[in-house]
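J.:
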Amino acid sequence: MMRFFISGTGTGVGKTVFAGLFARDFLRGGKSVRYVKPVQTGHPPDDDAAVVREMSGLPPERARILYSAPEPVAPSWVFDPFPFDDAVAQINAVADAGVLIVESAGGLLAPLGGGKANADFIKACGLTVILVTPNRLGALNEAMLNLYYLTRERAPFHGFAVNDHLAPDADFAARNKRELAKLAPGKTRYVFDEAIKRLI
Numbered sequence: 226m227m228r229f230f231i232s233g234t235g236t237g238v239g240k241t242v243f244a245g246l247f248a249r250d251f252l253r254g255g256k257s258v259r260y261v262k263p264v265q266t267g268h269p270p271d272d273d274a275a276v277v278r279e280m281s282g283l284p285p286e287r288a289r290i291l292y293s294a295p296e297p298v299a300p301s302w303v304f305d306p307f308p309f310d311d312a313v314a315q316i317n318a319v320a321d322a323g324v325l326i327v328e329s330a331g332g333l334l335a336p337l338g339g340g341k342a343n344a345d346f347i348k349a350c351g352l353t354v355i356l357v358t359p360n361r362l363g364a365l366n367e368a369m370l371n372l373y374y375l376t377r378e379r380a381p382f383h384g385f386a387v388n389d390h391l392a393p394d395a396d397f398a399a400r401n402k403r404e405l406a407k408l409a410p411g412k413t414r415y416v417f418d419e420a421i422k423r424l425i
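Structure, rendered in C-alpha cells:
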C-alpha cells in the first residue's frame, strides 16, 4: 500500500484540493483509494472529506474525518487531550486500499493537544510526506523551513506539490518554481491548478 501524508507549508495553501486531485488521478489509474483526515476544526461548514469526495468520486465510506470540532482553531484548543492513539489505530487499520491519503489539519507542527503535533502521524502510521506549497511570495522560505524540519527528523519525503493557482501571474509562477528547483533539486514532484502535472 502507498501511504501518503499531505501537509502544507502554511494555512490555506490548497492541501485539500491537492488531496482531491491526487485521489482522482489514482482512481482513474485503477487504484483503490482511501482518504482520512484525522481531525478537522470549523466543521461544519468546513468539510474537507466532502470536498475530496466531490473532486475524486470517492464514496462517503472511503473519505472521512475521524474527529471534528465546530470552532475554526488549532486542534489543541478544543481537544484536551487529542485522542492521538485512537486516531493512529484507525489509520493503521486501513487495509482495503492500494493508496492511503492522510491529510493534516494545518501544517506539520500545528498542535493537536496532549503534546502531539500533526507530524507525529508520519512515524506512527508509516507515512511519506507530500508538502503542498503555494506559488506566491514567501513560499521559498516556507518550503525550505519545512524541508529542513523533515530532513532533521529523517521523515520520508515524497516531494513538493506546488499550487500554481495562488501565483499572481505566469511569469512569477515560472520564476518561483525555478528558484525552488535550485534550492531543493529534484524535490518538486507535482505542480497543480485544476489538474496535477507530475514532474517526476
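Residue numbers (my numbering): 226 to 425.
Idealized CB from N, CA, C, for every residue including glycine.
#1: When you compare the region 407 to 424 with the region 375 to 391, are there three or more beta-carbon pairs, one atom per stretch, that lie closer than 8 Å?
#2: Does the Cβ-Cβ distance between Gly332 and Gly239 come in under 9 Å?
#3: Assign Pro359 to buried or exposed, taking buried as 16 or more other Cβ atoms, counted over all protein chains shown, within 10 Å of its Cβ.
#4: For Leu426, which beta-bridge partners are listed by DSSP?
#5: Quick check on Lys348: does DSSP put it in helix, strand or coil?
#6: Taking the alpha-carbon of Pro285 as reference, which of Gly340, Val258 and Ala392 has the nearest alpha-carbon?
#7: Can you give me the start and stop residues for the beta strand (DSSP E) that Gly245 sits inside?
#8: On the three-state DSSP scale, how would you describe Lys412?
#9: Please confirm if the region 246 to 258 is in contact with the region 388 to 402, defined as three or more CB-CB distances below 8 Å between the two stretches.
#10: Check the Cβ-Cβ distances between Leu375 and every residue of chain D, and say whether any is below 9 Å.
T.: A quick look at the data gives this:
#1: yes
#2: Working through the sequence shown from its first residue, we reach residue 332 at position 107. Working through the sequence shown from its first residue, we reach residue 239 at position 14. Not closer than 9 Å, so no.
#3: For the purposes of this step, residue 359 is taken as the residue at position 134 of the sequence shown. It counts as buried.
#4: Because the chain spans 226 through 425 in this model, residue 426 falls outside it and cannot be assessed.
#5: In the sequence shown, the residue the question calls residue 348 occupies position 123. In this structure, Lys348 counts as helix in the three-state DSSP scheme.
#6: Taking the first residue of the sequence shown as position 1, residue 285 is located at position 60. It is Val258 whose Cα lies nearest to the Cα of Pro285.
#7: One-based indexing of the sequence shown puts residue 245 at position 20. Taken as a continuous stretch (DSSP letters only), Gly245 belongs to no beta strand (DSSP E), being part of the alpha helix (DSSP H) at Lys240 to Arg253.
#8: The residue labelled residue 412 in the question sits at position 187 within the sequence shown. Three-state DSSP puts Lys412 in coil, outside helix and strand.
#9: no
#10: Considering every chain present, this structure includes no chain D. It has just one protein chain.
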